[in-house]
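Going line by line, the protein sequences match chains Z and B.
Numbered according to UniProt numbering, the first sequence spans residues 1 to 342.
Numbered according to UniProt numbering, the second sequence spans residues 1 to 481.
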Amino acid sequence: MTVRDALNTALDEEMSADPKVFLMGEEVGEYQGAYKITKGLLDKYGPERVLDTPITEAGFTGIGVGAAYHGLKPVIEFMTFNFSMQAIDHIINSAAKSNYMSAGQMSVPIVFRGPNGAASGVGAQHSHCYAVWYASCPGLKVLAPYSSEDARGLLKAAIRDPDPVVFLENELLYGETFPVSAEVLDSSFCLPIGKAKIEKEGKDVTITAFSKMVGYALKAAEILAKDGISAEVINLRSIRPLDRNTINASVRKTNRLVTVEEGFPQHGVGAEICASVVEESFGYLDAPVERIAGADVPMPYAANLERLAVPQVEDISRNHLISGISEMYMWDPCYYWGGTAH
Amino acid sequence: MAVCVRQSRKSIINHVKAKMGLLGLTCLSSSMPSLNNDHRTLSAASLAKDFRNQNSVLENKPTLYRTRRFDSTKPHQRSGVQSNVASSQFLDFPGGKVAFTSEMRFISESPKERIPCYRVLDDDGQLIEGGINVGKEIAVKMYSDMATLQTMDTIFYDAQRQGRISFYLTTIGEEAINIASAAALTIDDFVVPQYREPGVLLWRGFTLEQFANQCFSNRGDDCRGRQMPIHYGSKKLNYLTVASTIASQLPHAVGVAYSLKMDGKDACAVTYFGDGGSSEGDFHAALNFAAVTEAPVLFICRNNGWAISTPTSDQFRSDGIVVRGEAYGVRSIRVDGNDTLALYSAVRAAREMAICEQRPILIEAMTYRVGHHSTSDDSTKYRPVDEIELWRSARDPITRFRKWIESNGWWSSEAESELRSNVRKQLLDAIQVAERTEKPPLVDMFTDVYDAVPSNLSEQEKWLRETIKIHPKDYPSDFPL
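What follows is the structure in structure tokens.
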């Protein structure tokens, strides 16, 4: 099953199960979604529940929040999360804070979803990862699926959740196929929010990743296995709440940590994970924590530069902490070293 | 175009199925109209006198397939292109035909005449013409609530000046907009306020004690001490918690209206904003979306002349806010905001149209912010004191309305002094009690961030309690742990 189909079936099943769920965004109806995630839903549920909107992110986001205040369960699609910046006031000031400010009188059961982070050849204004922006705000939950199982289970969880959820997809994963079990295909399937998944067990080093980088981390782990290094790969799934327990338990076992993300290094997801491990498992670390992140530049368009600006599998597998060759470490713009001296 | 047509037809079919027979509505037609001109056989409401020929732009739009219509009216003739005009004389464009002209004429940036302001009572509180159907009971309640609101503002304002509360914001000068609009609504109409509309809550039964508890941020506050003074909210009274972010409430109101529409409720959403708020992007987004989604929502603009220190001349160069409606395809009216009866009847008519025709309505109420913007402001620094005084005395909406109810024999100076002294006493009591009531407990800091308290917040609460236990002197002791 492709991630696209996983998302599409999750939307379909939740819309079918709950008449309060409706979709809104640019091109979600007649056009079936800019990335065809909403394919077939307009025909099935009609224009009252699959709304093509004018091109105003602040408009449909604010209207979604208002509809949620009044008891509907909107799923808002951003054509890319870059465009959510035009609506961020409604996500942060309205959606995230209203339940608290109203003392539980105004809950906001809403999902903001769409592709996030780098795609391919679409430049700085289509390639920004906003995971940490939203993950730094109390009141929001932030999910980032990797596989089809994640996509189905987490999107269903997000729609059923009574709180506002930011759901970060990845354009390049939409067409990827993942095997899924019968359990995942069942319409009752749902994943818990706030739980990471250990994609691959290992004993020498912990690699955390989310979204597309999980696939890279798994490939790096395969390469490392050939060198006799056993890497444990954690798929974060949920950026907020962050599954600190799973991460720390893993680090206490492997004594090494490498974090991987496509976003920028400063104040990134890796920085937060690093802080958590330093606070809770400092004594277990045999080496400084390593962060692998996107280069600290807006995304360049030229394919060669773009490739250099986002982490590659080799950046993970060749990582000096993992291979133990820190003296030979070569500087790479997409490689941000959290260590003290080299 | 084809897209719109199909969607509209679908939504009509759905809606007709769901709504048939409600509200004395008639069936749209025995068969669904065909796509082009048959919608002219549909009917539209005749609730307002003078919009008939103003909205011709809308005529040819397939979205005119309104979902709930009265039988009594006919869509207005499109003034632009007649159907028999030769095709070389117009541009057949998505959204309707546009006539060609050989005259190069730019549309003027300002109309020859400003949009007039609807009023019922003159400056002296006398009916200008004809009668108006407002009974004694509702008129007296409107007056009493306006006077109560004014008294409440004066007393809370003083309490802030005495340092007893941190912040306050009065509604002085705008009592008629608050109370008359509230009176024209039903409790099912969902209010999405800005922050200068506490009168709507008062009308709906929010007690003076509740106002005081919120301003004093005590344990009795419905919002558990989470918001600054005057940011009231009440789910029970269908009044959304006040947002400080200017104009963000406008799209929210459209969302609420869309929800009401989907539920098939005979109610509308009502939102308020100021002249300053009309400059926010959210205003434009909200009007456009409301028009496109055919959402039953009333946009009530309190054009009070000043956005803190910014006069309307620095805020916009249009003829106020009312003219923006037409540009978005939203029916609009300008009303004397200090005329209680004009507001009451305009909002009532607007509400009927919004619900029966499933459409947004824009109301620009012309008024004046007699008070300072808030207690953080001294408006005499940027506007003439004479101007403030003129509006405070000669143009006071409460005095004007009092003259009318007195001339009907419904009010007297005895009733006046009794009301004022009762309200005053009640408020002073409420303030004293609110001041003495204990503050919100520590646990209120951590609840409601999410529906259920997550583990990291339980942990933080535990750490905080442990720290307070170890260092009790470093923490305030006047609230329950």
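Here a beta-carbon is modelled for each residue, glycine too, at the ideal position from N, C-alpha and C.
Rounded distance between the beta-carbons of residue j and residue i, thought under 8 Å
| i | j | result |
| --- | --- | --- |
| K261 of chain B | A295 of chain B | 6 Å |
| G25 of chain Z | T53 of chain Z | 6 Å |
| Y174 of chain Z | Y35 of chain Z | 6 Å |
| I128 of chain B | L427 of chain B | 35 Å between Cβ atoms; not a contact. |
| L7 of chain Z | I37 of chain Z | 5 Å |
| A271 of chain Z | R291 of chain Z | 7 Å |
| G104 of chain Z | F78 of chain Z | That pair is no contact at about 28 Å. |
| F479 of chain B | E438 of chain B | 6 Å |
| I300 of chain B | S181 of chain B | 6 Å |
| R240 of chain Z | K141 of chain Z | 6 Å |
Within-8 Å CB hit, residue i to chain C
| i | result |
| --- | --- |
| P251 of chain B | Going by chain labels, chain C is absent from the structure shown, which instead holds the protein chains Z and B. |
Residue i - partner residues in DSSP beta bridges
| i | result |
| --- | --- |
| L143 of chain Z | Z:F167, Z:S238 |
| E77 of chain Z | Z:G25, Z:R113 |
| E364 of chain B | B:C301, B:R334 |
| V180 of chain Z | In DSSP, V180 of chain Z forms no bridge with anything. |
| S234 of chain B | B:Y239 |
| F93 of chain B | B:G96 |
| Y118 of chain B | B:V335 |
| L127 of chain B | B:L121 |
| V205 of chain Z | Z:A231 |
| D243 of chain Z | The partner list for D243 of chain Z (beta bridge, DSSP) is empty, contrary to what the question assumes. |
| D52 of chain Z | Z:G25 |
| T2 of chain Z | Z:T177 |
| K200 of chain Z | Z:V233 |
| G274 of chain B | B:R302 |
| E280 of chain B | The partner list for E280 of chain B (beta bridge, DSSP) is empty, contrary to what the question assumes. |
Under 8 Å between C-beta atoms of residue i and residue j
| i | j | result |
| --- | --- | --- |
| V120 of chain B | A342 of chain B | yes |
| K195 of chain Z | D150 of chain Z | no |
| G401 of chain B | A176 of chain B | According to the sequence shown, residue 401 of chain B is Phe rather than Gly. Yes. |
| K156 of chain Z | F189 of chain Z | yes |
| F273 of chain B | L250 of chain B | yes |
| V192 of chain B | N178 of chain B | no |
| D448 of chain B | N99 of chain Z | yes |
| E201 of chain Z | E232 of chain Z | yes |
| R256 of chain Z | V214 of chain Z | no |
| A290 of chain B | A257 of chain B | yes |
| I76 of chain Z | I110 of chain Z | yes |
| L169 of chain B | S379 of chain B | no |
| V313 of chain Z | Y216 of chain Z | yes |
| D275 of chain B | I230 of chain B | no |
| A58 of chain Z | G263 of chain Z | no |
Where residue i falls: helix, strand or coil (DSSP)
| i | result |
| --- | --- |
| L257 of chain Z | strand |
| I468 of chain B | helix |
| G311 of chain B | Here residue 311 of chain B is Pro; the residue named in the question, Gly, does not match the sequence. Reduced to three states, the DSSP call for P311 of chain B is strand. |
| T41 of chain B | Only weak support is given to the placement of T41 of chain B: the predicted model assigns it a pLDDT of 31, under 50, and the value that follows is read from those uncertain coordinates. Helix, per DSSP. |
| A18 of chain B | Unreliable placement is indicated for A18 of chain B, whose pLDDT of 41 sits below 50; the coordinate value is still reported in the next sentence. The answer is helix: DSSP assigns A18 of chain B an H, G or I state. |
| Y143 of chain B | helix |
| T9 of chain Z | helix |
| A269 of chain B | strand |
| M328 of chain Z | Because M328 of chain Z carries a pLDDT of 33, less than 50, the predicted location of this residue cannot be relied on, and the following value inherits that uncertainty. Of the three classes helix, strand and coil, the one that applies to M328 of chain Z here is helix, per DSSP. |
| E290 of chain Z | strand |
| V297 of chain Z | coil |
| V385 of chain B | helix |
| V191 of chain B | strand |
beta-carbon residue i near the ligand ADP non-hydrogen atom, thresh 7 Å
| i | result |
| --- | --- |
| F83 of chain Z | The ligand ADP is absent from the structure shown, which contains no ligands of any kind. |
Query raised in the report: Of all the residues that make up the segment 208-227 of chain B, which are near chain Z by a beta-carbon distance shorter than 9 Å?
Result: D221, D222, C223, R224, G225, R226, Q227
**Report entry** Short-range partners of chain Z found in the segment 231-249 of chain B, where Cβ spacing is below 7 Å
**Finding:** G233, K235, L240, T241, A243, T245, S248
Query raised in the report: Residues in the segment 92-122 of chain Z with C-beta within 7 Å of chain B's C-beta atoms, listed in sequence order?
Result: N93, S94, S98, N99, Y100, M101, S102, A103, G104, Q105, M106, S107
Query raised in the report: Using a Cβ cut-off of 9 Å, which residues of the segment 53-73 of chain Z contact any Cβ in chain B, in chain order?
Result: T53, P54, T56, E57, A58, G59, F60, T61, G62, I63, G64, V65, G66, A67, A68, Y69, H70, G71, L72
Query raised in the report: Looking at chain B, which residues of the segment 170-199 of chain Z have a Cβ within less than 8 Å of any of its Cβ atoms?
Result: G194
**Report entry** Interface residues of the segment 176-196 of chain B facing chain Z [CB-CB below 9 Å]
**Finding:** F190, V192
Query raised in the report: Taking any Cβ of chain Z, which residues in the segment 283-316 of chain B have a Cβ under 9 Å from it, in chain order?
Result: H284, A285, A286, N288, F289, A290, V292, T293, A295
Query - Against chain B: residues of the segment 29-49 of chain Z by CB proximity under 7 Å - result: E30, G46, P47, E48
Requested in this report: Please name the residues in the segment 124-144 of chain Z whose beta-carbon is closer than 7 Å to at least one beta-carbon of chain B, in chain order.
Outcome: P138, G139
Requested in this report: May I ask you to list, following chain order, the residues of the segment 447-458 of chain B that have a beta carbon less than 9 Å from some beta carbon of chain Z?
Outcome: T447, D448, V449, Y450, D451, A452, P454, S455, N456, L457
Requested in this report: Can you give me, in chain order, the residues of the segment 337-353 of chain B that have a beta carbon less than 7 Å from any beta carbon in chain Z?
Outcome: none
Query raised in the report: For the segment 78-92 of chain Z, which residues have a CB atom closer than 7 Å to at least one CB atom of chain B, in sequence order?
Result: D89, H90
Report task. Could you run through the segment 149-163 of chain Z and flag, in chain order, every residue whose CB is less than 7 Å away from some CB of chain B? Result -> P162, D163
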